[in-house]
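Those protein sequence lines, which keep their order, are chains S and L.
Position one of the first sequence corresponds to residue 76 (the numbering used here), numbered consecutively onward.
Position one of the second sequence corresponds to residue 810 (the numbering used here), numbered consecutively onward.
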Amino acid sequence: MVKKRLGKIKGFSIQFLPYSEIRGLDSTKRIKRILNIVLGNNILIIQGKLEPEEETRLIEDTMAMMGHVKNFKGIELAVISGNGGKSGGFFGRFKRNLANSIAGEDMGAVTIIGPATIIKEIKRNPKKIELLLKG
Amino acid sequence: MVGKAFGNFFKKIFFNIFGQKKELKLGFYGPPNAGKTSLANRICKDFTDKEIGKTSKIPHETRTIQFKEKVEISYKGRKMTFKIIDTPGIATKIDYEDFLKFKLKKKEAKTRAKEATQGVIESIKWLDDMDVVVIVLDAIQNPYNQVNITIIGNLVARKIPVLIVANKIDLKRANLKKVEAAFPEYDVVGISAKYGKNIEEFYESIFKLAKKV
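Set out below in structure tokens:
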């Protein structure tokens, strides 16, 4: 269904943001950077995930911006956690925990954020994630 | 400063002796239209005879925090007093055009959307004030919604005890097992706030939850 309609969608791009790009930023700057990218009609894929407090801050700032930015109707957001699965055994878990403790983040996670004017819905279940775009 | 420290000390001793705070702040959180106000109304009607707020099929009916103080819930001989706090639904997007489908006028829809955005901000700000939280989910919707995960993540970070309620189990499409599977680490109670189905189990769970404070 998405494939059939994809040709009709114009004016957006997909950007990948490695965690190293936002690692040094404080929460305020991190969220500002994310929202700036999303407001430029981009779907953003971030390596890693935000802290729970940052996620709510992102929602708060999104809501606050909706009153000030014309045609901005909010965002769609989904986080696919990298350390939620049970596969990998002891060494897999150890490596993940080590990576997380060094980076302070779940580096195996992926966060998808996009403007609600482009993304109709992000459907997810434990096995897959579907990005439904507006035609 | 010294007075405040003494006050806190006596407060702690008082809580330790009597086991519980005098009035626990019980918050109802979740996505829009899941039935937070319906459930808060059910409790308030059961124990105070008065409802807390208006419900509607149109999303974002609750756009400001509404609360009722000193609600004494009694169940199987036990009694506890709560401050019931009903919050606006948390969403990441709000489009006034969605309200037009419910035959609202454009101006009304735009006002509703604007108020709803403020409501989301208010809900998030109140997270810090809660003692215990009931997350109300619509059992016919996909529970793997990022908003649900974000709210729970924030409560866990703040060490606030959580109970998940899967509402609308009276509906055929309701899938309680899917909600339970999505949140295996939490207590999930399936209810129908509208018809009072399974509400006894909900009260039992509320008492269990309050013990975690």
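Think of the CB as a built atom: it goes at the ideal place given N, C-alpha and C, for glycine as much as any other residue.
CA-to-CA distance, residue j to residue i, given in whole angstroms
| i | j | result |
| --- | --- | --- |
| P127/S | Q927/L | 20 angstroms |
| L152/S | T186/S | 7 angstroms |
| H869/L | P841/L | 6 angstroms |
| S95/S | K1020/L | 43 angstroms |
| S162/S | M889/L | Here S162/S scores only 45 on pLDDT, less than 50, and its place in the model should not be relied on; the value that follows carries that caveat. Roughly 44 angstroms between the two C-alpha positions. |
| K892/L | K834/L | 5 angstroms |
| N200/S | A990/L | 11 angstroms |
| A843/L | I89/S | 32 angstroms |
| V956/L | E881/L | 31 angstroms |
| S1001/L | G86/S | 44 angstroms |
| A139/S | I930/L | 8 angstroms |
| R771/L | I118/S | This structure does not reach residue 771/L, given that chain L is present from 810 up to 1022, and the question cannot be answered. |
| L133/S | E1013/L | 35 angstroms |
| I177/S | E129/S | Caution applies to I177/S, whose pLDDT of 38 falls short of 50 and renders its modelled position unreliable; the model cannot decide the point. |
| G149/S | G189/S | 9 angstroms |
| N116/S | D895/L | 35 angstroms |
| I1008/L | P93/S | 47 angstroms |
| D181/S | G886/L | 46 angstroms |
| G962/L | E994/L | 12 angstroms |
Sequence-distant residues of the same chain with beta carbon closer than 7 angstroms to residue i, five excluded per side
| i | result |
| --- | --- |
| F91/S | I120 |
| L100/S | R108 |
Residues near residue i in its chain [Cβ-Cβ closer than 8 angstroms; skip 5 each side]
| i | result |
| --- | --- |
| L985/L | A948, A975, I978, V997, G999 |
| I204/S | A153, I155, I187, I197, K198 |
| R872/L | P897, R921, E924, A925, Q927, G928 |
| E906/L | A918 |
Contacts around residue i, its chain only, beta-carbon distance under 6 angstroms, and the 5 residues preceding and following it disregarded
| i | result |
| --- | --- |
| E878/L | K892 |
| L972/L | V943, D996, S1014, L1018 |
| P970/L | V941, L1018, K1021 |
- Are at least three pairs of beta-carbons, each pair with one atom in the region 930–946 of chain L and one in the region 905–912 of chain L, less than 8 angstroms apart? no
- Task: Using a Cβ-Cβ cut-off of less than 7 angstroms, list which residues of the region 137–151 of chain S approach chain L; keep chain order.
- Result: T137, M138, A139, M141, G142, K148, G149, I150, E151
- Selection of the region 885–918 of chain L by Cβ proximity to chain S, strictly under 9 angstroms: I899, A900, T901, K902, I903, D904, Y905, E906
- Query: Along the chain, which unbroken stretches of the beta strand (DSSP E) at least 3 residues long are found entirely within the region 921–1007 of chain L?
  - Reply: 941–947, 971–976, 997–999
- Task: Select from the region 852–876 of chain L all residues with a C-beta closer than 9 angstroms to any C-beta belonging to chain S, and list them in chain order.
- Result: none
- Query: Which residues, in order along the region 940–956 of chain L, keep a beta-carbon less than 9 angstroms from a beta-carbon of chain S?
  - Reply: N951, Y953, N954, Q955, V956
- Task: Would you list, in chain order, the members of the region 927–939 of chain L that have their beta-carbon closer than 9 angstroms to a beta-carbon of chain S?
- Result: Q927, G928, V929, I930, I933, K934, L936
- Message: Which residues of the region 183–205 of chain S have a Cβ closer than 8 angstroms to any Cβ of chain L? Give them in chain order.
- Response: A191, I197, K198, R199, N200, P201
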